[in-house]
Amino acid sequence: MTLARTQAILTELIFEHSFRIRFKAEATSSQPATVETSGGAPDPDPSAEGSEDTQSVETENTSTSAKGKGKMSPTTPPSEAEADTKKKDNLIGKLNTMVSVDLDNVFGAKDFLMVLVQAPVELVLAMVFLYRVLGWSSLVGFASIILLMPVPGLLAKRLQTIQVKKLERTDARVESVTETIGVIRMIKLFGWERKMSDTLKEKREDELAWVWKEKTTNLFNDIINSSIPTVTMVVTYATYTLIMKQSLNASKVFSTMAVFDILRSIMHRISWQVVTSLKGKVSLERIGDYLTKTELLDDFYSKEESQILVTPEHSHENVIGFNNAMFSWSRDIENGTETPSSRVFRLRIEGELTFKKGRVNLIIGPTGSGKTSILMALLGEMHFIPTSADSWYNLPRDGGVAYAAQESWVQNETIRDNILFGSPYDEERYQKVIHQCALKQDIELFEAGDMTEVGEKGLTLSGGQKARVTLARAVYSSADVILLDDVLAALDVHTAKWIAENCLQGDLIRGRTVLLVTHNVALASPIADHIISVSIDGHAHEVGSDISKALEDPLLAKEVEQELDEVKVEEEVVDTVKKEDTVKQDGKLILAEEIIEGRLKWSSVMLFLKGLGGDRPFFFMFAWMLGLTLMHTGSTISLWFLGYWGSQYDTHSPEEVEVPFYLMVYCLILGSAIATYAVANATYIYGSLRASRTINALLVDSVLGATLRWLDETPAARIITRCTQDIATIDGSLAMDFSYVVELFVYMLVKLTGPVILTPIFLLPGLLIAVLGMYLGTLYLKAQMSVKREMSNARSPVLSHFGAAVAGMVSIRAYGAQQTFKQESLKRIDRYLRISRTSYNLNRWIGIRMDLLGASFTTSLATYLLIRKTLNAANIGFSLNMSLEFCSVILYIVRCYNDFEVEANSLERIQSYLDIEHEPKSTPEGKPPAAWPKTGELKVESLSARYSETGPKVLHEVSFEVRSGERIGIVGRTGSGKSSLTLSLLRLIITEGIVYYDGLATNKINLEDLRSSITIIPQVPELLSGSLRRNLDPFDQHDDATLNGALRAAGLFSLQTDSDDARLTLDSGIATGGTNLSVGQRQIIALARAIVRSSKLLILDEATSAIDHKTDSIIQSSLRNELGSDVTILTIAHRLQTIMDADKIMVLDSGKIAEYGSPQSLLQKRGGHFKSLVDESGDKKTLYTMAERKASGSS
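Heads up: the sequence shown begins at 1 in UniProt numbering, then just goes up one per residue.
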């Protein structure tokens, strides 16, 4: 009970500490940090409202950190950065490792007191007994122990070093796995499955190299520790017979042999316990470093550690604002040696800057200027650097604070629970919020209404729907202060206008203080009572209520001018047709984790056996077991020979016994047994590493090859658990338990065979004790297997909750909801604790009964042999010794088999992920010609699609043709099938019909070849951690000139100048998920990555929805001029002006093509869908002009 409670306390301690950490959106830094810091979680950008089929789900994590700072510290040259990179940890990966691996290591070392207390006491008692029997020769034996003890000490030191290195490699692999699962949708879109699999396997090989070193060092350490008592025994017997000239008769041999066996057992336990204690020590130090060395928020440092008291003067306590303040994302102090491109972002406020209470305050500025940083600074997420004696900042929290992040964060709960966020349910208020946040019609699309589960990371919702749920949460709360981070970016203009008019000016907002960060200056400025402007260099200042003052910033003025000149956005019309396959009728989307029942399945055991032996598993098992048999037979013969040697003193005087001969033969037998043991175990270690490598590769390939539907239904936390906790079990305890079971089985047979030859009566009680032991073991297994399976499945929700809480940590802290999440964490941990306690109780149950059974059997056999006296002293001693060992083996083999079957639950869980639904594998017949594709010609014939075998069709008999080099704009209502069409072209969902790409039917082409020849920019830009270069070219296939050209074409350089202190370069560091970049910067990088791929078919799925109008215009110009004339572009449009110069427009409605033709021809179609969209837009004249210009240019 105490152990289970301690594990629960440590788990909660790790979780609660995350509430105190500063989430800095960690990227690779050029300078070694003075404190160890934590990276942010992957996070998505909001996608465009009205653009996505609700079944086209998203799989990226939500954000924890502000993206508004827009600049980051790039890496230094490799010589400096490489060493520092190893010090940086992905926080979620680190939490997973600590909770799943490190805690297990700590509790594996729970018996360390045995080494410090029990072992020394037993050694002293053994020495006293041996001294009374063998005299001072025992002191010589113990002197040999003292002389040999430094050897295990040196090995223990080496083991600790190896363990540290191995855990570093494990962390690196877990981080890569976590990141890969986070961006797996992007990996499938780009056809990177094989390449990412190779990358993960390289990480795995690096880890396994250290696992090999650890296991071989453990083997050597075990041999040394087992040999020390043998050497002690040989030295003692040699001294006693050769020097002291005493008789070593059978009574002395077998009485002292038992003591030497105890010594061997003690040394073996010390060997094992030292290893586990060192693992526990290393893991405990890692947990300690996490608790003591991670950078905390300023509020959690003492006044002495802080540079200044951040609380404002009494007269400013109710003021929201700053005075002479500067903020950074880290407490690390610059040393003055940084180059301009390596300096970190700073938010600067000179003088006093305050916000109007009870009013709408607008925060505007160019892309990447640091608008979000103002909100983060007020929330205390950034480090406060005072610039004068009167520096202060303040955000009153007495009346509550609500926060809506731009990267919308939702929990895996129902829509209603996400909006309530722990607040009491008020029907009238709730319905008002639903209405004002334009969610009423969206909720009607779901059969379960607002009781629909949004899924992990909100995968059942479109980007705009998630943004409005996040906004609704803030509006529903009773907070006096509401911080809104560009919530309008994910919405089309119709919805954005509705929000501005009915929500931001509605009765639920009236009288509350709103701080609104936005790019949509034209829409938001009329409702703003106060405006704050942030320049590109991070300086913030007040401009009052006159927007013209803010436009003195030339960059911002250009953005606003462009915005006013352009057509706004297409008018959103929500499709009233209900989706049948998006969610189930009860609102559940995530599949409950299956709990396997019954005993261990043979298929799971064969998975491990095939891994051990490769193509010849049974030959491997035979060879290994033969080695173990020879070793234990040698050990048994050595014991019999020792008795035979002792019996010579019964018939000969000590002088007549040839001690050197017997001593040499005895040492030879023992040496051969030890050598055989070393070879057999080295063979098994090699096989176990092969199994670890093979099973991990199968699991990785299975997950990467899974269908999109399976990935949507399976929480990332479960997949990560399989790839971390279950793989760690196979590397460690499973392989060890299996070797114990096999070795003890062989040992039991040998120990049974030897005595039966001398004492046949021993066979019956031996079999009886075996049967009783197996019976008890079976009872124990039935209970323990179910409990262990429940324990495994109870752990995933803990990890999932960790990940979700870390992803939304900024929002949680802003709302002050830490206690609620702590309670939920405790609830999940308590469930795991209850199951864990039951497991410990079952272990005690079997232990007591096994010990009682063994003691009864040994006593009965000894009584029988002493009463009958049919054997001489040597054979009686031999039989009793064998009986003791046989009895203990029966008990241990039951325990070890129980442990193996329990640990084999990991094999079952992995096997279940190998048997999932997969996409078709590549075949030689599916390999297209090397020069394919030469053009971007596309021909679609009767294309239908659905998301699951039983689900409704989302596309119906779609047919169209696109000539090479044409630009096609795709528009339609929410749920019309726009995103479904792009997924169908890439065969990511179930399709019928034929798609011809450059003359080849895509259903005949390998998926990897198809997807690698088409580039899609999805609504959610997903980035990898590392350098900007790695994100553009993750597999090092292009030179820097090509990469810089792509960045220029994508419009990145238009947002920064050479004088920028923190401009982005190819060496700039990117945090996991791109959390240290603004949303616009992330989308620009995603576009640049697409340009690098040089595909003949480029699909833009709302790719510029969150980019300001100036940047969007630059990107559109680049796409027209930078790409080859044979590159076909399909653009799902958010802004009509984006596609008005397209060659053709495709209008989708309910999964069918409603219209398809040139913009000019569609505008001339009376009552047409496209014409109605243009006529209802904000600037009909401009759109008609663009269409006419396109028509005249084409003619």
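Note that the Cβ used here is the ideal one computed from N, Cα and C, for glycine as well.
Where residue i falls: helix, strand or coil (DSSP)
i, result
"Ala1088", "helix"
"Asp102", "helix"
"Trp932", "coil"
"Asn681", "helix"
"Leu1000", "strand"
"Glu428", "helix"
"Asn225", "helix"
"Arg331", "coil"
"Glu1176", "coil"
"Trp845", "helix"
"Arg520", "Inspection of the sequence shows that residue 520 is occupied by Asn rather than by Arg. In the structure shown, Asn520 sits in coil (DSSP, three-state: anything other than H, G, I, E or B)."
"Glu597", "Note that Glu597 has pLDDT 49, beneath the 50 cutoff, so the model's placement of it is unreliable and the number below is only indicative. In the structure shown, Glu597 sits in coil (DSSP, three-state: anything other than H, G, I, E or B)."
"Val319", "coil"
"Glu21", "The displayed chain sequence assigns Ile, not Glu, to residue 21. Note: Ile21 maps to strand in three-state DSSP."
"Tyr301", "coil"
"Asp851", "helix"
"Val902", "helix"
"Glu919", "coil"
"Glu885", "helix"
"Asn324", "strand"
"Leu504", "coil"
Where the alpha helix (DSSP H) through residue i begins and ends
i, result
"Gly135", "Note, Gly135: premise wrong, no alpha helix (DSSP H); not H, not E."
"Pro152", "Pro150 to Gly182"
"Val410", "Premise fails: Val410 is in no alpha helix (DSSP H) and is neither H nor E."
"residue 1200", "In this structure the chain extends from 1 to 1195, so residue 1200 is not present and cannot be described."
"Gly351", "Careful: Gly351 lies outside any alpha helix (DSSP H), inside the beta strand (DSSP E) at Leu347 to Phe355."
"Pro386", "Taken as a continuous stretch (DSSP letters only), Pro386 belongs to no alpha helix (DSSP H), being part of the beta strand (DSSP E) at His383 to Pro386."
"Val475", "Gly463 to Tyr476"
"Val605", "Trp602 to Gly613"
"Glu937", "First-last for Glu937: undefined, no H or E at that position."
"Asp442", "Lys440 to Glu444"
"Ile1139", "Leu1136 to Ile1139"
Rounded separation between residue i and residue j - CA only
i, j, result
"Ala377", "Arg20", "15 angstroms"
"Val971", "Glu1176", "14 angstroms"
"Glu16", "Val433", "32 angstroms"
"Glu1188", "Lys1181", "11 angstroms"
"His383", "Asn1076", "15 angstroms"
"Asp442", "Gly847", "59 angstroms"
"Gly1074", "Glu743", "51 angstroms"
"Ser702", "Ile916", "8 angstroms"
Option in the options with minimal Cα separation from residue i
i, options, result
"residue 1263", "Val889, Ser525 and Trp645", "As shown, the chain starts at 1 and ends at 1195. That puts residue 1263 outside it, with no answer to give."
"Ser733", "Ser906, Glu453 and Ile835", "Ser906"
"Ala717", "Val517, Thr6, Leu663 and Val99", "Val99"
"Phe107", "Val177, Gln7, Tyr131 and Thr161", "Gln7"
"Leu852", "Ile769, Ser1158 and Leu826", "Ile769"
"His435", "Glu453, Val401 and Glu501", "Glu501"
Unbroken beta strand (DSSP E) run spanning residue i, endpoints
i, result
"Glu542", "His539 to Gly544"
"Ser533", "His530 to Val534"
"Gly646", "Unbroken run through Gly646 is the alpha helix (DSSP H), Pro617 to Thr651; no beta strand (DSSP E)."
"Gly380", "Here Gly380 belongs to no beta strand (DSSP E), and DSSP marks it neither H nor E."
"Leu362", "Val360 to Ile364"
"Gly1152", "Note that residue 1152 is Lys in the sequence shown here, rather than Gly. Note, Lys1152: beta strand (DSSP E), Lys1152 to Gly1157."
"Leu1098", "Leu1097 to Asp1101"
"Lys245", "No beta strand (DSSP E) holds Lys245; DSSP gives it neither H nor E."
Taking only runs that begin and end inside the region 941–992, name each unbroken alpha helix (DSSP H) of 4 or more residues, in chain order.
978–985
Sequence ranges, alpha helix (DSSP H) only - wholly within the region 683–739, length at least 4:
708–713 and 716–721
Runs of beta strand (DSSP E) wholly within the region 1003–1052 (minimum 3 residues, chain order)
1014–1017
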